[in-house]
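A short worksheet on the structure shown next.
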Amino acid sequence: MKRTFLFIAALFVSALSFGQLTTMNVAPYNSVQYLVDSVLIGQGIQTSNITFLGAPHAIGFFDGTNSNIGLDSGIVITTGDIANAVGPNNIGSQSTSNNLPGDAQLDLLTTNTTNDASVLEFDFIPESDTASFRFVFGSEEYPEFVNSLFNDVFAFFISGPNPAGGNYVDQNIALIPGTTVPVTIDNVNIGSNPQYYIDNTGGTSVQYDGFTTPLTALAPVICSQPYHIKIAIADAGDFSYDSGVFMEAASFSSNGATVTSVSTSSYTENDTTILEGCGDALVTVKLNRVTPTDSIAPYTLTGTATQGVDYVITPSQLLIPAGSDSIQFTVTGLWDGVDEPNETIFIEFPFQDACLGFQPVKIGLLLRDIDSLKLDYRSPDTTLCGPEDLYLYFQPSGGVAPISFDWQYNGQTSAGFDLQDSPMTSTTYVVTMTDACIGFTLTDSINVTLLSDVEPVDVEVGVTNYDLCLGDLQALNAIVTGGGGAVTFGWYDIDGTLITDSSTFVIEPEEGMVSYTALAFDECGSRDSVEVTINTEICEFEVPNVFTPNGDGNNDYFWIENLDKFPNTEVYVFNRWGQTVFTSTDYGGGCVNNGDSGCWNGKVNNTGADCSEGTYYYVIRAPGEEERKGSINLFRD
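Under our numbering, the letters of the sequence shown match residues 3 to 639, in that order.
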């Protein structure tokens, strides 16, 4: 692919943007002197005797940065009111009648008498051999009055010494490029010279129904000599349908050959970068005048890149044909496969200006390597619970755009960075990405698993209610079965906050009631949960001082309240002679409730002979507690 660079002598080019045109004629823009000297005039021009004839609201400043007028800013002169130029284009005949006369010179350019003339005039002295400025002409008379008698008219009349001999006398320099034909509604429209016409029907930023592309008014001049210019616009035949001429800020200049614009189309991200081995840069250097005979344009090369090794220029000898005002050549970056820093290319033309002398034009280009393709993002591997629509895509970077994509799956192929599919079986999507120039490739894949006969998720925790003593540790354990694809599990507190995604966790709860939820869900929408409640108390066991094991159902056992909260508690009972009559290594576990089989029933070790009435002595050893000793009375009546 070729990349075209355009370097125009003595011009400024603004990029098109689209938004809203604005106009102003409040201070300082209500001063014609300010509009000319501080807005319109650029380098190499001295002005004097600035005058304006017309309605005050017919001249002012415009900002076209956020519009499609083609100029960033400048001054605007109209046949009505500059405010009428502001979009959107929602009125087909926007008009302001100033009830002012026309202009005699403009009358000569039309078959009708002119009205509402606005005329800006001033003297100037150029420093170089060319004077020029950029402009756009727009009108509400587009398109319905093309080739009619009612054509608003404008002109740029210049007077002064002509370098070709004699003098300019009110010569109109508002011409169609490359011709001597003046710019008018009849000469520039959708049917005549359409390349210079913008149909603004329905436009959002400018009211005028149509206008020209940015054009250049240019005149060869003799440096340091006085000239006069008259910029005039008027209605023709009536006072209706406003027209206006926009002149670009700082473009009225006379500063020799300078690099002022770049227009390219390329693989790269900006206008002055060439990629190694990938396309050509087509460079056009435009002069501010034509050459009378064939001539060779000399140039010098500098920079870190080496001609013949890193790049080539074709043709090597640059010819400016007779009658031409431009030089065109190609710069080609050479692919060497070596990873290296960016390199520079500078091409300098030593142009001479009749007034300013040596006026070099220097073109700077950047030569850089192409980055290899890499994958920034892709759709993740996916599990489906049944046939459903899928949207898959890959997002690479590097290489040279456009990147081509080759999808291979289930014997099918597809192109494009994304794919929509409804797989009926588990499928692997393999994609090969290839850049547009060097041929870098990158291959990756997405795995899609299609599930069938999926069991629902089931969560089991065993015990769902716990009574604990303060300071106890309790392990909560969940067992998850079933589910399709990846199963997500977690323990959550009462507020729904995830505590852990482990199936088991150990807690030491504070006093009071608390609950935890074991929750699991799969990729198919199945879910199950179980709530576990824990009641935590401050535990103290109470030892009775008497019991009556006589079988009447009342107080028949040596029951120690709350001892069940102390697992593995040892209990020993002795008679008054020190003989052991009862032993337990887990009395709390065996005597949870009064009457449990593990409670002492008044018999020797619960199975022997009845113990006689009297006083017995106990020793209680609960884990984590001090050893307790005491006596208990046994009565049977």
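Glycine included, every Cβ here is placed at the ideal spot set by N, Cα and C.
Among the residues of its own chain, which have a CB less than 6 Å from the CB of Thr384, if the five just before and after it don't count?
Translated into positions along the sequence shown, residue 384 becomes position 382. If we look at Thr384 and ignore the five residues flanking it on each side, its Cβ neighbours are Val450.
Run through DSSP, which three-state label would Leu42 get?
Counting from 1 along the sequence shown, the entry for residue 42 is found at position 40. In the structure shown, Leu42 sits in a helix (DSSP, three-state: H, G or I).
Assess, as a yes-or-no matter, whether the region 430-443 is touched by the region 530-543 under the definition of 3 or more beta carbon pairs within less than 8 Å.
At 8 Å Cβ cutoff, the stretches do not touch.
Run of the beta strand (DSSP E) containing Ala238, from where it starts to where it stops:
Taking the sequence shown and counting its residues from 1, one reaches residue 238 at position 236. Taken as a continuous stretch (DSSP letters only), the beta strand (DSSP E) holding Ala238 covers Tyr229 to Ala238.
Can you look up Val138 in the DSSP assignment and give me helix, strand or coil?
Within the sequence shown, numbered from 1, the residue matching residue 138 stands at position 136. Note: Val138 maps to strand in three-state DSSP.
Ordered list of beta strand (DSSP E) runs contained in the region 377-460, each at least 3 residues
Those beta strand (DSSP E) runs which fall completely within the region 377-460 and span 3+ residues are 384-386, 392-399, 406-411, 414-416, 420-423, 429-436 and 443-452.
Residues bridged to Thr519 (per DSSP)
The count along the sequence shown starts at 1 and reaches residue 519 at position 517. Bridge partners of Thr519: Tyr494 and Glu533.
Nearest CA to the CA of Thr434: which residue from Ala29, Thr427, Pro425 and Gly418?
Reading the sequence shown from its first residue, position 432 is the one you call residue 434. Ranking the options by Cα distance to Thr434, first place goes to Gly418.
I'd like the ranges of any beta strand (DSSP E) spanning at least 3 consecutive residues and lying wholly in the region 181-218.
Secondary structure within the region 181-218: the beta strand (DSSP E) runs of 3 or more consecutive residues, fully enclosed, are 199-201 and 212-214 (chain order).
What does the alpha-carbon distance come out to for the pair Asp154 and Val34?
Here residue 154 is taken as the residue at index 152 of the sequence shown, counted from 1. Here residue 34 is taken as the residue at index 32 of the sequence shown, counted from 1. The straight-line gap from Cα to Cα measures roughly 23 Å.
Please determine, among Asp371, Gly162, Thr112 and Ala477, the residue with the shortest C-alpha to C-alpha distance to Asn149.
Locating residue 149 in the sequence shown gives position 147, counting from the first residue. Among Asp371, Gly162, Thr112 and Ala477, the Cα nearest to that of Asn149 belongs to Thr112.
So, helix, strand or coil for Ile93, using DSSP?
As a working note, residue 93 is residue 91 in the sequence shown. Coil, per DSSP.
If you draw a straight line from the alpha carbon of Ser130 to that of Gly335, how long is it in whole angstroms?
Numbered from its first residue, the sequence shown carries residue 130 at position 128. Numbered from its first residue, the sequence shown carries residue 335 at position 333. Each residue's alpha carbon lies about 36 Å from the other.
Based on DSSP bridge pairs, tell me the residues matched to Pro222.
Taking the sequence shown and counting its residues from 1, one reaches residue 222 at position 220. Thr132, per the DSSP bridge assignment.
Could you name each continuous beta strand (DSSP E) segment of 3 residues or more that falls completely within the region 296-351, going from the start of the chain to the end?
302-304, 313-316, 328-335 and 345-351
For Val34, which of helix, strand or coil comes out of DSSP?
By one-based count along the sequence shown, residue 34 stands at place 32. Note: Val34 maps to helix in three-state DSSP.
His59 to Ala29 span [Cα, whole Å]:
Here residue 59 is taken as the residue at index 57 of the sequence shown, counted from 1. Here residue 29 is taken as the residue at index 27 of the sequence shown, counted from 1. Roughly 12 Å separates the two Cα atoms.
Exposure of Leu303, with buried meaning 16 or more beta-carbon neighbours within 10 Å:
By one-based count along the sequence shown, residue 303 stands at place 301. Answer is exposed; the Cβ neighbour count stays below 16.
If you check the beta carbons only, do Gly590 and Phe568 fall under 7 Å apart?
Here residue 590 refers to the residue found at position 588 of the sequence shown. Here residue 568 refers to the residue found at position 566 of the sequence shown. In this structure, Phe568 lies closer than 7 Å to Gly590 by Cβ.
Kindly indicate which three-state DSSP category Asp612 falls into: helix, strand or coil?
Taking the sequence shown and counting its residues from 1, the one referred to as residue 612 is at position 610. Asp612 sits in a strand when the DSSP states are folded into three classes.
Specify the secondary structure class of Pro103 as computed by DSSP and reduced to three states.
Position 101 of the sequence shown, counted from the start, is the residue given in the question as residue 103. Note: Pro103 maps to strand in three-state DSSP.
Could you pull out every residue in the same chain whose Cβ sits closer than 6 Å to the Cβ of Pro90, ignoring the five residues on either side in sequence?
Taking the sequence shown and counting its residues from 1, the one referred to as residue 90 is at position 88. Hits under 6 Å: Thr206.
Straight-line CA distance for Ile634 to Tyr518?
Walking along the sequence shown from the start, residue 634 turns up at place 632. Walking along the sequence shown from the start, residue 518 turns up at place 516. If I take the Cα positions, the gap works out to 43 Å.
Quick one: Cα of Gln45 to Cα of Asp378, how far?
Taking the sequence shown and counting its residues from 1, the one referred to as residue 45 is at position 43. Taking the sequence shown and counting its residues from 1, the one referred to as residue 378 is at position 376. Between Gln45 and Asp378, the C-alpha separation is close to 48 Å.
Measure the C-alpha to C-alpha separation of Pro389 and Asp373 and round it to an integer number of angstroms.
The residue labelled residue 389 in the question sits at position 387 within the sequence shown. The residue labelled residue 373 in the question sits at position 371 within the sequence shown. Each residue's Cα considered, the two are about 39 Å apart.
Under 7 Å between C-beta atoms of Asn169 and Phe159
For the purposes of this step, residue 169 is taken as residue 167 along the sequence shown, with counting starting at 1. For the purposes of this step, residue 159 is taken as residue 157 along the sequence shown, with counting starting at 1. Not closer than 7 Å, so no.
Tell me where the alpha helix (DSSP H) around Gly592 begins and ends.
Translated into the one-based positions of the sequence shown, residue 592 becomes position 590. Residues Tyr589 to Gly592.
Would Ile61 and Phe54 qualify as a contact pair, given that the criterion is a beta-carbon distance under 7 Å?
As a position in the sequence shown, residue 61 is number 59, starting the count at 1. As a position in the sequence shown, residue 54 is number 52, starting the count at 1. Going by C-beta atoms, Ile61 is nearer than 7 Å to Phe54.
Across the region 462-470 and the region 521-535, are there enough close Cβ pairs to call them in contact, namely three or more that are closer than 8 Å?
A contact exists between the region 462-470 and the region 521-535.
Cβ of Asp83 within 7 Å of Cβ of Thr98?
Translated into positions along the sequence shown, residue 83 becomes position 81. Translated into positions along the sequence shown, residue 98 becomes position 96. Yes, the pair counts as a contact, with Cβ atoms nearer than the cut-off.
CA nearest to the CA of Leu321, picked from Gln309, Val340 and Ile298
Numbered from 1 along the sequence shown, position 319 holds the residue referred to as residue 321. That would be Ile298, whose Cα lies nearest to the Cα of Leu321.
Taking the alpha-carbon positions, what's the Ser245 to Phe124 distance?
What you label residue 245 is simply residue 243 of the sequence shown in a count that begins at 1. What you label residue 124 is simply residue 122 of the sequence shown in a count that begins at 1. Taking the straight line joining both Cα atoms gives about 22 Å.
Please classify Pro551: is it buried, with 16 or more other beta-carbons within 10 angstroms of its beta-carbon, or exposed?
As a first step, residue 551 is located in the sequence shown; it is residue number 549 there, counting from the start. Buried.
Cα-Cα separation between Ala17 and Thr427, rounded to whole angstroms
Reading the sequence shown from its first residue, position 15 is the one you call residue 17. Reading the sequence shown from its first residue, position 425 is the one you call residue 427. Confidence is the limiting factor: at Ala17 the pLDDT is only 32, short of 50, which leaves the residue's position unreliable, though a coordinate-based value still follows. The alpha-carbon atoms of Ala17 and Thr427 are separated by roughly 53 Å.
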